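Taking it in order: structure first as structure tokens, then the write-up.
Numbering (the working numbering), first residue to last: 4 to 109.
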């Protein structure tokens with residue numbers, strides 16, 4: 004049996020939000036496997052976004068529907084649906100290889 008979790012990115016988090024307060028706020032919708040706040044490496048302050056991982060799709064969808072646009076720690080948060088790496092890569096310009104070539108200079 005393969006265990007699958009449901010992962011949602013959050014934006015608009017307060018600098019005062021903690022991973023514990025995030026997990027607590029979302030726990031009423033179901034089992035929160037992980038709550039993470041992304042921090043700046045230099046200052047250790049919140050960058051204003053994070054992630055919540057749920058055990059089931061139903062719980063995750065209910066949390067997204069109810070919490071999107073709600074106030075948490077004095078800030079309006081936005082809960083999005085996680086996109087696969089392939090979905091994020093569409094429309095991205097490929098990385099150039101080598102030095103630039105001048106046009107018309109053969």
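Using N, Cα and C, we set each Cβ at its ideal position, and we do this for glycine too. Source: prediction; values computed, not measured.
Cβ contact (3+ pairs, closer than 8 Å) linking the segment 62–78 and the segment 38–45
They do not touch, by the three-pair rule.
State buried or exposed for residue 74, treating a residue as buried only when at least 16 other CB atoms are found within 10 Å of its CB.
Exposed: under 16 other Cβ atoms inside 10 Å.
Ignore the nearest five residues each way along the sequence and tell me which others in residue 182's own chain have a CB closer than 6 Å to its CB.
Coverage of the chain is limited to positions 4 through 109, which leaves residue 182 absent and any answer about it impossible.
Delimiting residues of the beta strand (DSSP E) encompassing residue 9
Counted as a single uninterrupted DSSP element, the beta strand (DSSP E) harbouring residue 9 occupies residues 9–14.
What residues in its chain sit with their C-beta under 7 Å from that of residue 63, if we drop five residues either side in the sequence?
Answer for residue 63: 9, 11 and 57, listed in chain order.
When DSSP labels each residue in this structure, what does residue 49 get in the three-state scheme?
If DSSP states are grouped into helix, strand and coil, residue 49 belongs with the strands.
With a threshold of 16 other CB atoms inside 10 Å of the CB of residue 38, please say whether the residue is buried or exposed.
Buried.
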